[in-house]
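For reference, the structure is listed below as structure tokens.
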Amino acid sequence: MNAGAKGGERRLITGFSNPTVKFLRSLRDKKHRRAEGKFLAEGLRLLTDARTMDRLPEMLVMARGRPPHPLLAELESAVAAAGGDIIEMDEDILAKVTGKDNPQAVCGVFTEFDTSLAAIDRAAAPLWLVVQAMRDPGNLGTMLRTGDAVGAGGLILLDDCADPFSAEAVRASMGAIFTQRVATARWEEFIAWLRGGAGQLVAASLRDAVPYRDAGYRAPCFVLVGNESRGLPEAYEAECDLRVTMPMKGRADSLNAAVAGAVLAYEVIDRLG
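Laid out in structure tokens, this is it:
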């Protein structure tokens with residue numbers, strides 16, 4: 470990744486063909502993110518939130534010519550002190566890096582987190598969010614934001630979900646990617662891990678379900694949300710300890726998956742205190 474600069478020194482890039490620019494652009498692709506174990510996060514607010522969680526980018530990239538900002542100055546100083554790379558480039562080059570015509574003034578390169586179930590301490594929070602085959606990175610980011618808002622421990626991604634480290638998901642998380650634990654697993658691995666300790670598995674469902682406001686929730690509670698179009702497989706619902714239903718008073722027969730997760734999460738956390 471490092472193209473020759475010493476850590477902590479600001480370096481100016483003026484060409485689109487620079488190897489660092491090519492590296493940064495490659496992180497928009499899942500295959501390259503996985504190979505490098507790195508991801509991009511954009512925006513001063515998001516990077517400042519990461520810093521408050523003791524997560525600094527190992528490379529800080531700034532648009533040249535933007536007005537100074539005290540938070541950006543503090544961030545640059547922190548990255549320099551940690552020996553990270555500090556890059557300046559013209560806004561049009563930064564637009565190529567981020568894939569946006571009007572890019573944020575700053576972005577950072579972070580190392581991907583440990584996403585194994587072994588890294589999850591189920592006793593650390595009364596509520597955990599779980600999604601199965603969620604394909605929309607915007608919905609995934611919303612679930613992360615919901616988890617942060619309700620004080621959940623994190624988000625567990627089952628089966629073939631969208632990549633939580635994609636630029637779209639990170640952006641939609643509004644910084645929650647840095648406050649929430651994230652784990653990925655197949656269903657079989659997850660259910661074996663869950664049954665190996667305390668934990669109630671709850672899903673929104675129409676099969677043998679009780680009203681979500683009358684249900685008996687127990688901590689740690691794992692709220693399970695299914696795929697946006699197909700919902701949860703019947704076999705997965707059968708494994709749940711509790712199935713709940715939400716009233717639909719209009720013509721729609723279901724809520725958006727991320728919205729349903731948020732409604733249920735707030736009810737659970739309110740009941741658990």
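For the sequence shown, my numbering begins at 470 and goes up steadily by one.
Using N, Cα and C, we set each Cβ at its ideal position, and we do this for glycine too.
| Item | Value |
| --- | --- |
| Shortest alpha-carbon distance to residue 646 belongs to which of 536, 621 and 657? | 621 |
| How about residue 591 and residue 716: do their beta carbons lie closer than 8 Å? | no |
| Using the DSSP secondary-structure output, state which residues sit across from residue 650 in a beta bridge. | 623 |
| Looking at residue 598: is its Cβ nearer than 8 Å to the Cβ of residue 692? | yes |
| Residue 617 and residue 649 look like a contact to me (Cβ under 8 Å); what is the Cβ gap, rounded to whole Å? | 6 Å |
| Run through DSSP, which three-state label would residue 605 get? | coil |
| Distance, Cα to Cα, residue 506 vs residue 623? | 20 Å |
| If you draw a straight line from the C-alpha of residue 492 to the C-alpha of residue 562, how long is it? | 13 Å |
| Could you work out which residue in 670, 521 and 497 is closest to residue 644 when comparing CA atoms only? | 521 |
| Can you list the alpha helix (DSSP H) stretches of 4 or more residues lying completely in the stretch 524 to 556, in chain order? | 539 to 550 |
| Could you tell me which uninterrupted beta strand (DSSP E) segments, each at least 3 residues in length, are contained entirely in the stretch 648 to 731, listed from first to last along the chain? | 650 to 654, 669 to 673, 690 to 694 and 711 to 714 |
| When you compare the stretch 541 to 561 with the stretch 655 to 669, are there three or more beta-carbon pairs, one atom per stretch, that lie closer than 8 Å? | no |
| Kindly list the residues whose CB is nearer than 8 Å to the CB of residue 719, restricted to its own chain and excluding five residues on each side of it in sequence; keep chain order. | none |
| Look at residue 575 and residue 639 and say whether their C-beta atoms are less than 8 Å apart. | no |
| Do you know how far the Cα of residue 615 is from the Cα of residue 725? | 14 Å |
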